[in-house]
Ligand code: PGA
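Given below as structure tokens:
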């Protein structure tokens with residue numbers, strides 16, 4: 284366990300337009316009325332970051348991004364640097380999400396470079412790891428995740444978060460047993476030390492409390508259920524006891 288606050292992070296993925304900020308308004312209102320025990324993070328699409336930080340300057344939550352370039356600046360058309368994201372109001376950035384590993388062929392080495400770039404810009408990277416269904420069925424889930432971590436994590440003491448997201452649990456409505464989550468998070472703790480360890484993959488209001496009480500689970504990375512304020516709030520509330 285860490286002494287840091289539980290972190291409940293919402294990953295909007297490629298969802299949302301300006302109109303979706305009405306959900307953020309509802310979330311902020313609810314958290315202002317009744318403060319969360321957990322630290323709350325929302326990672327909208329990058330184009331909404333400056334809109335969100337301008338509209339909610341006193342928000343009782345922090346904002347983050349979903350990816351960053353490993354480079355600081357320069358001729359990298361279409362990419363966004365960690366420094367740009369920090370300038371747009373991000374405090375965290377997700378790196379190595381399995382959708383980026385799959386859609387963009389991101390390797391552990393690239394994920395590590397992105398995590399280092401994030402830390403250099405003052406952002407806290409959330410480094411994602413997780414096994415596929417085939418790897419779990421072959422009994423190599425823990426070995427795969429340990430290897431991903433060793434190759435993806437930046438070295439040093441700069442702020443860092445790790446998210447364990449089994450690929451087969453993301454967006455599927457399936458989750459590992461709490462026993463399986465406990466085994467994996469014990470391995471993560473051995474590998475990553477005292478950083479916050481999030482579980483992600485089909486976290487919902489109905490299962491959040493059970494997952495968040497597993498040993499070495501210090502928070503959640505929430506996709507689909509972070510899009511609606513009501514569901515995300517229920518998960519945030521589940522984190523406080
Ligand atoms: P999900 O996504 O909660 O929709 O399963 C989690 C994630 O990919 O971060």
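Residue numbers (our numbering): 284 to 524. We put the CB at the ideal spot given by N, CA and C, even for glycine. Since this is a predicted model, take the numbers as computed values, not measurements.
Check, Outcome
"Cβ pair residue 444, residue 407 closer than 7 Å", "yes"
"Contacts around residue 433, its chain only, beta-carbon distance under 7 Å, and the 5 residues preceding and following it disregarded", "474"
"Residues near residue 456 by beta carbon distance below 7 Å, same chain, minus five either side", "485"
"Pair within 7 Å by beta-carbon distance, residue 324 and residue 347", "yes"
"Proximity to residue 398 [Cα-Cα], best of 322, 319, 446 and 386", "446"
"Residue 521 - DSSP class collapsed to helix/strand/coil", "helix"
"C-beta contact flag for residue 329 and residue 363 at 7 Å", "yes"
"Contact test: residue 519 Cβ vs the ligand PGA heavy atom, cutoff 6 Å", "no"
"Simplified DSSP state of residue 385, which is helix, strand or coil", "helix"
"Of the listed residues 302, 300, 296 and 312, nearest to residue 513 (C-alpha basis)", "312"
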